Amino acid sequence: MVILHIFAGRLKHRNTAMTCNPVIKFNFLFVLCCLLQQVWAQMPLLTVADLTLKIPAKGEETLYYGFAQGDELIFSFREEEGKELTEVAVEEYPNNTRFADYKTSGVKNKSIRVTQKGVYVFRFNNKQLLKGRVCRILIQRVPATDETAGFNTNVEWISSFDTTYRIEEHQVLMGYDTLYTREENWEFKKSAQEEIVLFDKTQRVFAKTSFTNDNRTCLRIDLPPDTETKAKTRKLTGWAYWIGVGKEAGNAWAENVKMVGGFAQGVIALYSPLGGLVAGLVSNLAIPKTGEDVYYCVLNAQNANLFLENKPFVPIDWGKGTGGYGKFTETAQNTCYICLENDNYLQAIDVAVKVAAIADVKEYLNKEKTRQVINPRMQTTRVEEPIITPVTIPVTAE
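Counting from 1, position 393 in the sequence shown corresponds to residue 1356 in the working numbering; the numbering is continuous, with no gaps.
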(Lines of atoms letter the chains of each structure in order from A and count residues from 1; the text may use other names and numbers.)
(Lines give C-alpha, C1' and ligand atoms only; values in the text may rest on other atoms or scores of the structure.)
Protein backbone atom coordinates (compact mmCIF):
# COMPACT_ATOMS: atom_id res chain seq x y z
CA MET A 1 0.00 0.00 0.00
CA VAL A 2 2.98 2.33 0.66
CA ILE A 3 4.17 1.73 -2.89
CA LEU A 4 0.79 2.85 -4.22
CA HIS A 5 0.94 6.10 -2.24
CA ILE A 6 4.44 6.91 -3.56
CA PHE A 7 3.36 6.06 -7.09
CA ALA A 8 0.32 8.26 -6.79
CA GLY A 9 2.51 11.19 -5.69
CA ARG A 10 4.69 10.87 -8.69
CA LEU A 11 1.62 10.59 -10.89
CA LYS A 12 0.63 14.15 -10.04
CA HIS A 13 3.91 15.51 -11.42
CA ARG A 14 3.81 13.46 -14.59
CA ASN A 15 0.18 13.91 -15.53
CA THR A 16 0.99 16.48 -18.18
CA ALA A 17 3.73 14.40 -19.74
CA MET A 18 1.50 11.28 -20.03
CA THR A 19 -1.20 13.22 -21.67
CA CYS A 20 1.19 14.34 -24.34
CA ASN A 21 3.05 11.04 -24.85
CA PRO A 22 0.95 7.87 -25.55
CA VAL A 23 3.94 5.56 -25.04
CA ILE A 24 4.51 6.90 -21.55
CA LYS A 25 0.77 6.49 -20.79
CA PHE A 26 0.78 2.81 -21.85
CA ASN A 27 3.89 2.03 -19.79
CA PHE A 28 2.31 3.69 -16.79
CA LEU A 29 -0.88 1.61 -16.96
CA PHE A 30 1.10 -1.61 -17.37
CA VAL A 31 3.21 -0.86 -14.29
CA LEU A 32 0.04 0.07 -12.34
CA CYS A 33 -1.62 -3.26 -13.14
CA CYS A 34 1.44 -5.17 -12.07
CA LEU A 35 1.55 -3.29 -8.78
CA LEU A 36 -2.17 -3.93 -8.11
CA GLN A 37 -1.76 -7.64 -8.91
CA GLN A 38 1.09 -7.78 -6.47
CA VAL A 39 -1.02 -6.11 -3.81
CA TRP A 40 -3.96 -8.51 -4.34
CA ALA A 41 -1.65 -11.47 -4.30
CA GLN A 42 -0.55 -10.39 -0.87
CA MET A 43 -4.10 -10.75 0.63
CA PRO A 44 -3.97 -13.64 3.13
CA LEU A 45 -5.78 -17.01 2.69
CA LEU A 46 -7.59 -17.47 5.99
CA THR A 47 -8.90 -20.78 7.31
CA VAL A 48 -12.48 -20.67 8.51
CA ALA A 49 -12.87 -24.37 9.36
CA ASP A 50 -10.59 -27.41 9.07
CA LEU A 51 -12.35 -30.40 10.51
CA THR A 52 -13.45 -33.99 10.10
CA LEU A 53 -17.16 -34.84 10.21
CA LYS A 54 -18.91 -38.17 10.44
CA ILE A 55 -22.23 -38.13 8.63
CA PRO A 56 -24.40 -41.00 9.93
CA ALA A 57 -26.39 -43.34 7.71
CA LYS A 58 -29.59 -41.65 6.53
CA GLY A 59 -28.36 -38.47 8.19
CA GLU A 60 -27.30 -34.91 7.48
CA GLU A 61 -24.75 -32.53 9.00
CA THR A 62 -24.96 -28.75 8.62
CA LEU A 63 -22.31 -26.07 9.25
CA TYR A 64 -22.92 -22.32 9.54
CA TYR A 65 -20.25 -19.60 9.02
CA GLY A 66 -20.33 -15.87 8.37
CA PHE A 67 -18.53 -14.13 5.51
CA ALA A 68 -17.82 -10.48 4.73
CA GLN A 69 -18.81 -8.71 1.56
CA GLY A 70 -16.23 -9.24 -1.18
CA ASP A 71 -14.77 -12.40 0.39
CA GLU A 72 -13.70 -15.22 -1.85
CA LEU A 73 -15.01 -18.42 -0.24
CA ILE A 74 -12.92 -21.49 -1.04
CA PHE A 75 -14.47 -24.85 -0.20
CA SER A 76 -12.92 -28.31 -0.29
CA PHE A 77 -13.99 -31.70 1.02
CA ARG A 78 -13.19 -35.36 0.53
CA GLU A 79 -14.62 -38.64 1.82
CA GLU A 80 -11.82 -40.46 3.63
CA GLU A 81 -12.50 -43.81 1.94
CA GLY A 82 -13.38 -42.31 -1.43
CA LYS A 83 -17.04 -43.24 -1.09
CA GLU A 84 -19.82 -41.10 -2.46
CA LEU A 85 -21.85 -38.65 -0.43
CA THR A 86 -25.44 -38.26 -1.59
CA GLU A 87 -25.43 -34.45 -1.67
CA VAL A 88 -23.07 -31.57 -0.87
CA ALA A 89 -24.39 -28.01 -1.01
CA VAL A 90 -23.30 -24.48 -0.13
CA GLU A 91 -26.17 -22.04 0.41
CA GLU A 92 -26.41 -18.36 1.15
CA TYR A 93 -28.86 -18.22 4.04
CA PRO A 94 -31.77 -18.56 3.92
CA ASN A 95 -32.34 -20.31 0.61
CA ASN A 96 -29.95 -19.17 -2.11
CA THR A 97 -28.00 -22.21 -3.30
CA ARG A 98 -24.55 -21.19 -4.54
CA PHE A 99 -23.14 -24.66 -5.12
CA ALA A 100 -24.50 -28.21 -5.11
CA ASP A 101 -23.12 -31.58 -6.15
CA TYR A 102 -24.66 -35.03 -6.00
CA LYS A 103 -23.14 -38.46 -5.48
CA THR A 104 -19.65 -37.07 -5.08
CA SER A 105 -16.65 -38.22 -3.06
CA GLY A 106 -14.80 -34.90 -3.13
CA VAL A 107 -14.71 -31.22 -4.09
CA LYS A 108 -11.43 -29.33 -4.48
CA ASN A 109 -10.98 -25.58 -4.08
CA LYS A 110 -14.49 -24.56 -5.12
CA SER A 111 -14.41 -20.73 -5.26
CA ILE A 112 -17.53 -18.70 -4.48
CA ARG A 113 -17.64 -14.87 -4.50
CA VAL A 114 -19.51 -13.41 -1.52
CA THR A 115 -21.57 -10.50 -2.84
CA GLN A 116 -22.90 -9.35 0.53
CA LYS A 117 -22.21 -9.99 4.16
CA GLY A 118 -24.16 -12.96 5.42
CA VAL A 119 -24.31 -16.50 6.73
CA TYR A 120 -23.41 -19.44 4.50
CA VAL A 121 -24.74 -22.92 5.14
CA PHE A 122 -22.76 -26.07 4.29
CA ARG A 123 -24.90 -29.19 4.01
CA PHE A 124 -23.65 -32.78 3.87
CA ASN A 125 -26.36 -35.38 3.21
CA ASN A 126 -25.89 -39.15 3.41
CA LYS A 127 -28.88 -41.27 2.33
CA GLN A 128 -27.09 -44.61 2.62
CA LEU A 129 -29.16 -47.00 4.71
CA LEU A 130 -26.42 -48.91 6.51
CA LYS A 131 -23.14 -47.02 6.74
CA GLY A 132 -22.03 -43.51 7.63
CA ARG A 133 -19.45 -41.36 5.87
CA VAL A 134 -16.28 -39.72 7.29
CA CYS A 135 -15.45 -36.46 5.50
CA ARG A 136 -12.49 -34.10 5.68
CA ILE A 137 -13.69 -30.51 5.29
CA LEU A 138 -11.68 -27.34 4.64
CA ILE A 139 -13.37 -23.94 4.41
CA GLN A 140 -11.21 -20.87 3.65
CA ARG A 141 -11.70 -17.23 2.79
CA VAL A 142 -9.71 -14.54 1.01
CA PRO A 143 -10.77 -11.12 2.32
CA ALA A 144 -11.32 -8.33 -0.16
CA THR A 145 -9.58 -5.64 1.90
CA ASP A 146 -7.40 -5.27 4.94
CA GLU A 147 -10.42 -3.97 6.83
CA THR A 148 -12.30 -7.31 6.44
CA ALA A 149 -9.31 -9.54 7.08
CA GLY A 150 -10.23 -9.80 10.75
CA PHE A 151 -13.93 -10.49 10.08
CA ASN A 152 -15.44 -12.79 12.74
CA THR A 153 -16.86 -15.82 10.92
CA ASN A 154 -18.71 -17.16 13.94
CA VAL A 155 -22.50 -17.34 13.79
CA GLU A 156 -24.89 -16.30 16.51
CA TRP A 157 -28.47 -17.51 16.87
CA ILE A 158 -31.13 -14.99 17.69
CA SER A 159 -34.82 -15.37 18.41
CA SER A 160 -37.22 -14.02 15.84
CA PHE A 161 -40.70 -14.51 14.53
CA ASP A 162 -41.72 -16.01 11.22
CA THR A 163 -44.98 -14.56 9.93
CA THR A 164 -47.03 -16.44 7.36
CA TYR A 165 -50.56 -15.81 6.23
CA ARG A 166 -53.44 -18.23 6.04
CA ILE A 167 -56.36 -17.50 3.74
CA GLU A 168 -59.65 -18.03 5.54
CA GLU A 169 -63.02 -17.96 3.81
CA HIS A 170 -65.96 -16.57 5.74
CA GLN A 171 -69.63 -16.51 4.83
CA VAL A 172 -71.15 -13.07 5.35
CA LEU A 173 -74.92 -12.55 5.40
CA MET A 174 -75.79 -9.92 2.79
CA GLY A 175 -79.57 -10.14 2.97
CA TYR A 176 -82.53 -12.38 2.21
CA ASP A 177 -84.22 -13.49 -1.00
CA THR A 178 -87.96 -14.23 -0.89
CA LEU A 179 -89.35 -16.71 -3.39
CA TYR A 180 -92.91 -17.85 -3.99
CA THR A 181 -93.48 -21.34 -5.31
CA ARG A 182 -96.61 -23.19 -6.40
CA GLU A 183 -96.95 -26.60 -4.80
CA GLU A 184 -99.33 -29.40 -5.66
CA ASN A 185 -101.90 -30.21 -3.00
CA TRP A 186 -104.02 -33.20 -4.00
CA GLU A 187 -107.20 -33.57 -1.99
CA PHE A 188 -109.76 -36.37 -2.15
CA LYS A 189 -112.67 -35.43 -4.39
CA LYS A 190 -114.97 -38.45 -4.72
CA SER A 191 -115.11 -42.21 -5.05
CA ALA A 192 -117.31 -44.40 -7.21
CA GLN A 193 -117.59 -47.82 -8.75
CA GLU A 194 -116.96 -48.07 -12.45
CA GLU A 195 -118.26 -50.87 -14.67
CA ILE A 196 -116.00 -51.98 -17.53
CA VAL A 197 -117.35 -54.15 -20.38
CA LEU A 198 -114.62 -56.65 -21.28
CA PHE A 199 -116.39 -58.94 -23.76
CA ASP A 200 -119.75 -58.90 -25.54
CA LYS A 201 -120.14 -61.08 -28.64
CA THR A 202 -121.74 -64.25 -29.99
CA GLN A 203 -119.34 -67.11 -30.67
CA ARG A 204 -120.18 -70.03 -33.02
CA VAL A 205 -119.06 -73.45 -31.79
CA PHE A 206 -119.07 -76.12 -34.50
CA ALA A 207 -120.54 -79.62 -34.30
CA LYS A 208 -118.48 -82.53 -33.06
CA THR A 209 -118.42 -84.14 -36.52
CA SER A 210 -117.36 -80.99 -38.39
CA PHE A 211 -114.59 -81.76 -40.89
CA THR A 212 -113.29 -78.19 -41.18
CA ASN A 213 -113.57 -76.74 -37.65
CA ASP A 214 -113.10 -77.89 -34.11
CA ASN A 215 -115.96 -78.24 -31.65
CA ARG A 216 -113.84 -76.53 -28.99
CA THR A 217 -112.89 -72.86 -28.75
CA CYS A 218 -111.44 -70.46 -26.16
CA LEU A 219 -112.14 -66.74 -25.78
CA ARG A 220 -109.39 -64.57 -24.22
CA ILE A 221 -110.47 -62.19 -21.46
CA ASP A 222 -107.97 -59.47 -20.45
CA LEU A 223 -108.79 -58.07 -17.04
CA PRO A 224 -107.96 -54.35 -16.64
CA PRO A 225 -104.88 -53.68 -14.50
CA ASP A 226 -104.96 -51.44 -11.47
CA THR A 227 -103.87 -47.89 -12.30
CA GLU A 228 -102.75 -45.00 -10.16
CA THR A 229 -102.09 -41.35 -11.01
CA LYS A 230 -102.13 -38.22 -8.91
CA ALA A 231 -105.62 -37.40 -10.13
CA LYS A 232 -107.20 -40.86 -10.22
CA THR A 233 -106.79 -44.40 -8.93
CA ARG A 234 -108.62 -47.47 -10.18
CA LYS A 235 -108.56 -50.86 -8.47
CA LEU A 236 -110.37 -53.91 -9.83
CA THR A 237 -112.72 -55.44 -7.25
CA GLY A 238 -114.26 -58.28 -9.28
CA TRP A 239 -115.63 -59.49 -12.59
CA ALA A 240 -118.48 -61.71 -13.89
CA TYR A 241 -119.49 -63.59 -17.01
CA TRP A 242 -122.82 -64.68 -18.55
CA ILE A 243 -123.36 -67.34 -21.25
CA GLY A 244 -126.49 -68.12 -23.26
CA VAL A 245 -127.09 -70.49 -26.22
CA GLY A 246 -129.20 -69.78 -29.31
CA LYS A 247 -131.90 -67.25 -29.95
CA GLU A 248 -133.25 -67.72 -26.45
CA ALA A 249 -130.07 -66.07 -25.16
CA GLY A 250 -131.25 -62.69 -26.43
CA ASN A 251 -134.59 -63.03 -24.67
CA ALA A 252 -132.97 -64.09 -21.41
CA TRP A 253 -130.55 -61.17 -21.44
CA ALA A 254 -133.37 -58.74 -22.19
CA GLU A 255 -135.14 -60.10 -19.14
CA ASN A 256 -132.05 -59.36 -17.03
CA VAL A 257 -131.84 -55.81 -18.34
CA LYS A 258 -135.51 -55.27 -17.60
CA MET A 259 -135.04 -56.58 -14.09
CA VAL A 260 -132.21 -54.14 -13.38
CA GLY A 261 -134.10 -51.24 -14.96
CA GLY A 262 -137.10 -52.00 -12.81
CA PHE A 263 -135.24 -50.77 -9.77
CA ALA A 264 -136.18 -47.12 -9.98
CA GLN A 265 -134.23 -46.21 -6.91
CA GLY A 266 -130.86 -47.20 -5.55
CA VAL A 267 -127.41 -47.58 -7.00
CA ILE A 268 -128.34 -50.72 -8.94
CA ALA A 269 -129.74 -48.51 -11.67
CA LEU A 270 -126.12 -47.53 -12.45
CA TYR A 271 -125.08 -51.08 -13.37
CA SER A 272 -125.72 -53.61 -16.08
CA PRO A 273 -126.95 -57.03 -14.96
CA LEU A 274 -123.33 -58.27 -14.71
CA GLY A 275 -122.28 -55.13 -12.84
CA GLY A 276 -125.05 -55.68 -10.32
CA LEU A 277 -123.96 -59.31 -9.92
CA VAL A 278 -120.33 -58.30 -9.14
CA ALA A 279 -121.44 -55.54 -6.78
CA GLY A 280 -123.62 -58.01 -4.88
CA LEU A 281 -126.82 -56.16 -5.68
CA VAL A 282 -128.19 -59.02 -7.78
CA SER A 283 -127.86 -62.65 -6.76
CA ASN A 284 -129.44 -64.42 -9.76
CA LEU A 285 -129.57 -63.85 -13.51
CA ALA A 286 -131.91 -65.35 -16.08
CA ILE A 287 -130.55 -67.85 -18.65
CA PRO A 288 -132.27 -69.47 -21.67
CA LYS A 289 -134.90 -72.00 -20.60
CA THR A 290 -134.74 -74.07 -23.79
CA GLY A 291 -132.18 -74.81 -26.52
CA GLU A 292 -128.97 -76.71 -27.05
CA ASP A 293 -126.47 -77.35 -24.29
CA VAL A 294 -122.90 -76.04 -24.18
CA TYR A 295 -120.04 -77.05 -21.93
CA TYR A 296 -118.23 -73.97 -20.61
CA CYS A 297 -115.32 -73.40 -18.25
CA VAL A 298 -113.02 -70.62 -17.04
CA LEU A 299 -109.31 -71.46 -17.39
CA ASN A 300 -105.88 -69.92 -17.14
CA ALA A 301 -103.54 -69.89 -20.16
CA GLN A 302 -101.87 -73.23 -19.39
CA ASN A 303 -105.11 -75.12 -18.90
CA ALA A 304 -106.69 -73.45 -21.95
CA ASN A 305 -103.99 -75.04 -24.12
CA LEU A 306 -104.69 -78.42 -22.51
CA PHE A 307 -108.41 -77.95 -23.17
CA LEU A 308 -107.84 -77.29 -26.88
CA GLU A 309 -105.57 -80.35 -27.09
CA ASN A 310 -108.31 -82.48 -25.46
CA LYS A 311 -106.05 -83.26 -22.51
CA PRO A 312 -106.89 -83.25 -18.79
CA PHE A 313 -107.15 -79.74 -17.35
CA VAL A 314 -108.09 -77.98 -14.09
CA PRO A 315 -110.89 -75.37 -14.43
CA ILE A 316 -111.37 -72.29 -12.26
CA ASP A 317 -115.14 -72.49 -12.88
CA TRP A 318 -117.27 -74.66 -15.18
CA GLY A 319 -120.79 -75.75 -16.08
CA LYS A 320 -123.03 -77.28 -18.78
CA GLY A 321 -126.46 -76.25 -20.01
CA THR A 322 -128.34 -73.73 -22.11
CA GLY A 323 -126.56 -70.96 -20.20
CA GLY A 324 -124.73 -70.01 -17.06
CA TYR A 325 -123.01 -67.24 -15.16
CA GLY A 326 -120.43 -66.69 -12.45
CA LYS A 327 -118.51 -63.98 -10.62
CA PHE A 328 -115.03 -63.64 -9.16
CA THR A 329 -113.74 -61.30 -6.49
CA GLU A 330 -110.22 -62.75 -6.53
CA THR A 331 -108.35 -61.27 -9.47
CA ALA A 332 -104.93 -62.88 -9.26
CA GLN A 333 -104.98 -63.67 -12.99
CA ASN A 334 -104.61 -60.72 -15.39
CA THR A 335 -105.72 -62.87 -18.31
CA CYS A 336 -108.12 -65.79 -18.35
CA TYR A 337 -110.04 -67.79 -20.97
CA ILE A 338 -113.71 -68.77 -21.32
CA CYS A 339 -113.63 -72.06 -23.19
CA LEU A 340 -116.66 -73.63 -24.93
CA GLU A 341 -117.35 -77.17 -26.17
CA ASN A 342 -120.27 -78.36 -28.36
CA ASP A 343 -121.06 -82.05 -27.83
CA ASN A 344 -123.76 -82.06 -30.54
CA TYR A 345 -122.63 -84.35 -33.36
CA LEU A 346 -124.57 -82.62 -36.13
CA GLN A 347 -125.56 -79.07 -35.21
CA ALA A 348 -123.38 -76.04 -34.57
CA ILE A 349 -124.47 -73.65 -31.83
CA ASP A 350 -124.21 -69.89 -31.33
CA VAL A 351 -123.19 -68.88 -27.80
CA ALA A 352 -123.61 -65.34 -26.47
CA VAL A 353 -120.76 -64.44 -24.09
CA LYS A 354 -120.75 -61.31 -21.95
CA VAL A 355 -118.02 -60.29 -19.45
CA ALA A 356 -117.89 -57.18 -17.26
CA ALA A 357 -115.74 -55.97 -14.37
CA ILE A 358 -116.22 -53.53 -11.50
CA ALA A 359 -113.44 -51.21 -10.29
CA ASP A 360 -113.28 -48.85 -7.34
CA VAL A 361 -112.36 -45.40 -8.64
CA LYS A 362 -111.12 -42.53 -6.49
CA GLU A 363 -110.61 -39.04 -7.87
CA TYR A 364 -108.45 -36.29 -6.41
CA LEU A 365 -108.43 -32.53 -6.98
CA ASN A 366 -105.26 -30.49 -7.08
CA LYS A 367 -105.71 -27.39 -4.95
CA GLU A 368 -102.38 -25.70 -5.47
CA LYS A 369 -100.84 -23.77 -2.61
CA THR A 370 -98.46 -20.85 -2.71
CA ARG A 371 -95.49 -21.31 -0.41
CA GLN A 372 -93.17 -18.55 0.65
CA VAL A 373 -89.50 -19.51 0.80
CA ILE A 374 -86.99 -17.16 2.42
CA ASN A 375 -83.37 -17.92 1.59
CA PRO A 376 -80.42 -16.14 3.15
CA ARG A 377 -78.11 -14.49 0.60
CA MET A 378 -74.52 -15.16 1.56
CA GLN A 379 -71.25 -13.85 0.18
CA THR A 380 -67.87 -15.48 0.57
CA THR A 381 -65.07 -13.20 1.75
CA ARG A 382 -61.40 -14.10 1.91
CA VAL A 383 -59.46 -12.92 4.95
CA GLU A 384 -55.71 -13.17 5.48
CA GLU A 385 -55.00 -14.29 9.01
CA PRO A 386 -51.38 -13.98 10.16
CA ILE A 387 -49.67 -16.99 11.71
CA ILE A 388 -46.71 -15.96 13.86
CA THR A 389 -44.22 -18.72 14.66
CA PRO A 390 -41.22 -18.18 16.99
CA VAL A 391 -37.97 -19.22 15.26
CA THR A 392 -34.23 -18.91 15.76
CA ILE A 393 -32.16 -17.66 12.85
CA PRO A 394 -28.39 -17.49 12.28
CA VAL A 395 -26.68 -14.09 11.94
CA THR A 396 -23.05 -13.05 11.60
CA ALA A 397 -21.23 -12.24 14.83
CA GLU A 398 -20.45 -8.73 13.57
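Think of the CB as a built atom: it goes at the ideal place given N, C-alpha and C, for glycine as much as any other residue.
All figures in this text were calculated on a predicted structure; none of them were measured in a lab.
What is the DSSP secondary structure of residue i, reduced to helix, strand or coil?
{"i": "Gln1032", "result": "coil"}
{"i": "Phe1270", "result": "helix"}
{"i": "Val1077", "result": "coil"}
{"i": "Ala1004", "result": "Because Ala1004 carries a pLDDT of 48, less than 50, the predicted location of this residue cannot be relied on, and the following value inherits that uncertainty. Three-state DSSP puts Ala1004 in a helix."}
{"i": "Leu1248", "result": "coil"}
{"i": "Glu1331", "result": "coil"}
{"i": "Leu999", "result": "The predicted position of Leu999 is uncertain, since its pLDDT is 43 and thus under 50; no value can be drawn from it."}
{"i": "Gln1091", "result": "coil"}
{"i": "Ala1107", "result": "coil"}
{"i": "Gln1342", "result": "strand"}
{"i": "Ala1264", "result": "helix"}
{"i": "Asp1306", "result": "coil"}
{"i": "Thr1292", "result": "coil"}
{"i": "Glu1348", "result": "strand"}
{"i": "Asp1064", "result": "strand"}
{"i": "Pro1057", "result": "coil"}
{"i": "Pro1357", "result": "strand"}
{"i": "Asn927", "result": "Lying before the first or after the last residue shown, residue 927 is absent from the chain, which here runs from 964 to 1361."}
{"i": "Lys1021", "result": "coil"}
{"i": "Lys1153", "result": "strand"}
{"i": "Phe989", "result": "Any reading at Phe989 is ruled out, since the residue's pLDDT is 48, under 50, leaving its predicted position unreliable."}
{"i": "Glu1255", "result": "coil"}
{"i": "Ala1311", "result": "coil"}
{"i": "Phe1276", "result": "coil"}
Take residue i as the anchor and find which of the options has the nearest alpha-carbon.
{"i": "Lys1090", "options": "Glu1158, Gly1138 and Pro1019", "result": "Pro1019"}
{"i": "Thr1172", "options": "Lys1164, Glu1304 and Pro1278", "result": "Glu1304"}
{"i": "Asp1109", "options": "Gly1033, Ile1250, Ile1130 and Glu1131", "result": "Gly1033"}
{"i": "Arg1197", "options": "Val1261, Ala1052, Lys1325 and Thr1144", "result": "Lys1325"}
{"i": "Gln1103", "options": "Phe1062, Thr1010 and Asp1064", "result": "Thr1010"}
{"i": "Leu1014", "options": "Pro1007, Leu1248, Val1220 and Leu1026", "result": "Leu1026"}
{"i": "Leu1161", "options": "Arg1129, Leu1199 and Leu1244", "result": "Leu1199"}
{"i": "Asn1307", "options": "Phe1291, Thr1285 and Ala1320", "result": "Thr1285"}
{"i": "Ile1279", "options": "Leu1262, Glu1150 and Leu1271", "result": "Leu1262"}
{"i": "Glu1047", "options": "Tyr1234, Val1097 and Pro1187", "result": "Val1097"}
{"i": "Ile1075", "options": "Asn1088, Gly1069, Gly1095 and Ala1052", "result": "Ala1052"}
{"i": "Ala1311", "options": "Asn1178, Glu1157 and Val1084", "result": "Asn1178"}
{"i": "Pro1106", "options": "Ile1100, Phe1087, Val1077 and Tyr1083", "result": "Val1077"}
{"i": "Glu1211", "options": "Ile1250, Leu1036 and Asn1115", "result": "Ile1250"}
{"i": "Gly1287", "options": "Asp1064, Cys1260, Ser1123 and Asn1072", "result": "Cys1260"}
Applying the 10 Å Cβ sphere with the 16-neighbour rule, what's the burial state of residue i?
{"i": "Ala1194", "result": "exposed"}
{"i": "Phe1038", "result": "buried"}
{"i": "Gly1201", "result": "buried"}
{"i": "Val1277", "result": "exposed"}
{"i": "Val1220", "result": "exposed"}
{"i": "Ala1264", "result": "exposed"}
{"i": "Val1223", "result": "buried"}
{"i": "Trp1120", "result": "exposed"}
{"i": "Gly1207", "result": "buried"}
Which residues in the same chain have their Cβ closer than 6 Å to the Cβ of residue i, if we skip the five residues on either side of it in sequence?
{"i": "Asp1140", "result": "Asn1338 and Arg1340"}
{"i": "Asn1176", "result": "Phe1169"}
{"i": "Glu1348", "result": "Arg1129 and Glu1131"}
{"i": "Thr1165", "result": "Asp1313 and Ala1315"}
{"i": "Ile1350", "result": "Thr1127 and Arg1129"}
Closer than 8 Å by C-beta to residue i: which residues in its own chain qualify, once you throw out the five before and the five after it? Chain order, please.
{"i": "Cys997", "result": "Note that Cys997 scores 46 on pLDDT, short of 50, meaning its location in the model is unreliable and no value can be drawn from it."}
{"i": "Gly1081", "result": "Gly1029, Phe1030, Glu1055, Tyr1056 and Thr1359"}
{"i": "Pro1007", "result": "Val1105, Pro1106 and Ala1112"}
{"i": "Asn1115", "result": "Gly1029, Thr1359, Ala1360 and Glu1361"}
Under 7 Å Cβ to Cβ from residue i, same chain only, skipping five residues before and after it: list those, please.
{"i": "Ala1267", "result": "Cys1181, Tyr1300 and Cys1302"}
{"i": "Asn1148", "result": "Asn1329, Lys1330, Glu1331 and Lys1332"}
{"i": "Gln1335", "result": "Thr1141 and Tyr1143"}
{"i": "His1133", "result": "Thr1344 and Val1346"}
{"i": "Asp1125", "result": "Thr1352 and Val1354"}
{"i": "Glu1158", "result": "Tyr1234, Ser1235, Gly1238, Ala1319 and Ile1321"}
Just to confirm the assignment: which complete beta strand (DSSP E) runs, minimum length 3, are found wholly within the stretch 1156-1241?
Taking only runs of at least 3 residues, the beta strand (DSSP E) segments lying wholly in the stretch 1156-1241 are 1179-1185 and 1195-1208.
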